[in-house]
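Heads up, the thing below is written out as structure tokens.
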Amino acid sequence: MFSQHLEKVSAWATEGREEEILRARAAYFERIGEAHEEDRSFEARMAAFFEYFLLDRPLDAIGDTPVRAYLERNGASLSAEEREALDACAQSLYAAFEVTKLGTKLGLRVREVVTRTEYDIIERRELVALAKGDILNARIVPWKGAHVFSGNFIYHPREASKAILREAKRRRKLDPDTSPSDFAMELARLALKLERYRNVAVENIYKFG
Numbered sequence: 014m015f016s017q018h019l020e021k022v023s024a025w026a027t028e029g030r031e032e033e034i035l036r037a038r039a040a041y042f043e044r045i046g047e048a049h050e051e052d053r054s055f056e057a058r059m060a061a062f063f064e065y066f067l068l069d070r071p072l073d074a075i076g077d078t079p080v081r082a083y084l085e086r087n088g089a090s091l092s093a094e095e096r097e098a099l100d101a102c103a104q105s106l107y108a109a110f111e112v113t114k115l116g117t118k119l120g121l122r123v124r125e126v127v128t129r130t131e132y133d134i135i136e137r138r139e140l141v142a143l144a145k146g147d148i149l150n151a152r153i154v155p156w157k158g159a160h161v162f163s164g165n166f167i168y169h170p171r172e173a174s175k176a177i178l179r180e181a182k183r184r185r186k187l188d189p190d191t192s193p194s195d196f197a198m199e200l201a202r203l204a205l206k207l208e209r210y211r212n213v214a215v216e217n218i219y220k221f222g
């Protein structure tokens, strides 16, 4: 839905910024774990990085995210459809979400695990083996009075759900302003560890200090 519009932002934001992209990539994967091509989640993690670079990370020389900087500089020449789509992307949220209801009028309902905010998701696809109570990392974009998924997911094992929710609650109590995105990135690192060490029990990987 948004990829064709973000391609223009990407072309504008990446031109002449090769070194900055490499630094951003290194810092990003240092946080979530370095992805390798043989990893099952490699493509999803690379796509999530580019979303992060375009939508969340301020450009060094500008101090604003690429999507917001692009809108500020080119907004007047964009179609109403393009402006609406990019403005929605600029308000997106990357976080860990718990599925609270499937088969809603729009598709499903999820709850961000740190703030406990609920979101109605427009989703007509049958997401593979998704069940109530499942937790996944995703980016949601506000759209037409609800939200949509960007399309890149990292799934967490159901056996880890209680530990994830317990840790989210602990952090929320310690700091009501704790970042949902930061917590999701920590979970992404644990999911990658589980992906590589399938012989290790889930509870020994999803451990929080």
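Residue numbers in the sequence shown follow the numbering used here, run continuously in steps of one, and reach 222 at the last position.
Note that CB positions come from ideal geometry on N, CA and C, so glycine has one too.
Please read all numbers here as calculations on a predicted model, not as lab measurements.
ask   = If you drop the 5 nearest sequence neighbours on each side, which residues of the same chain put their C-beta closer than 7 Å to that of residue 154?
value = Exclusion of the five residues before and after residue 154 leaves 15, 101, 102, 105, 160, 161, 163 as the residues of its chain whose Cβ lies within less than 7 Å of its Cβ.
task = Tell me where the beta strand (DSSP E) around residue 267 begins and ends.
result = Any property of residue 267 remains undetermined from this structure, which presents the chain solely from 14 to 222.
query = Where do the ends of the alpha helix (DSSP H) carrying residue 209 lie?
reply = In the DSSP assignment, residue 209 falls within the unbroken alpha helix (DSSP H) covering 193 to 209.
task = Could you check what DSSP says for residue 126 in three-state terms: helix, strand or coil?
result = Three-state DSSP puts residue 126 in coil, outside helix and strand.
request  = Counting only the same chain and skipping the five closest in sequence on each side, list residues whose C-beta sits under 6 Å from that of residue 61.
outcome  = Within its own chain, the residues whose Cβ lies closer than 6 Å to the Cβ of residue 61, once the five positions on either side in sequence are excluded, are 165, listed in chain order.
request  = List the DSSP bridge partners of residue 25.
outcome  = According to DSSP, which records beta bridges pairwise, residue 25 is partnered with nothing at all.
ask   = Is residue 80 helix, strand or coil by DSSP?
value = Residue 80 falls in the helix class under three-state DSSP.
inquiry  = Just to confirm my understanding: we take residue 167, look at its own chain, exclude 5 residues before and 5 after, and list those with CB closer than 7 Å. What are they?
reply    = Correct list, in chain order: 54, 57, 149, 150, 201, 204.
Residue span of the alpha helix (DSSP H) that contains residue 50, given as start and end = In the DSSP annotation of this structure, residue 50 is not part of any alpha helix (DSSP H), being labelled neither H nor E.
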